[in-house]
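Our numbering puts the first residue of the sequence shown at -7, with every later residue one more than the last.
A virtual CB, placed ideally from N, CA and C, is assigned to each residue, including glycine.
The structure displayed is predicted, hence computed values, not measured ones.
The structure appears below as structure tokens.
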Amino acid sequence: MYRLLLGAALLVFLYFDLLAALYGLIALLLFEAAANLRLSTLVNRLRGLDDGDPQEGSLGIAFKARTHFEAERAWRILVACMLLLSLVAFAKQLWFFPWFMGFALMGAGISGVCPAYLALKWAGLK
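Following this line, the structure appears as structure tokens:
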């Protein structure tokens, strides 16, 4: 559900050209990755729900973790850096990339499978 909402928010911010909101979204992703405080986990704890399955989105594949760094944290850093790169450094050349990421995140939220997350798990992140 988090990826679906993140992708929808990204697309809305891009459509209405809300750069301050886009930078806020990037800052939120970087804060969550740096502090390892996930907004979705905090909301679930307040609601009295469990954190969910740690293997969710892995297609039932048993990946071997070679490092203690979590794939979810690396995914948030990856998304934030790719958005920063395409919005700030190469805005004219990569104008389509944030749109692609928004639709990809929505697709990952609907299907429950994120190829970037699977690649990070395959690379050995926990």
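- Boundaries of the alpha helix (DSSP H) harbouring M98: 89 to 103, taken from the DSSP string.
- According to the DSSP assignment, R65 belongs to the alpha helix (DSSP H) that extends over 63 to 76.
- In this structure, L112 is the residue among L112, L(-2), M(-7), Y(-6) with its C-alpha nearest to the C-alpha of T59.
- According to the DSSP assignment, F82 belongs to no alpha helix (DSSP H), since it is labelled neither H nor E.
- In the structure shown, F23 falls within a helical segment according to DSSP collapsed to helix, strand and coil.
- Take L14, set aside five residues on each side of it, and the residues of its chain with a beta-carbon closer than 8 Å to its own are L2, F5, L6, L75, L79, P90, in chain order.
- If you compare the alpha carbons of L97, R65, G104, A115 with that of R30, the shortest gap goes to R65.
- A straight line joining the alpha-carbon of M93 with that of L(-2) spans about 10 Å.
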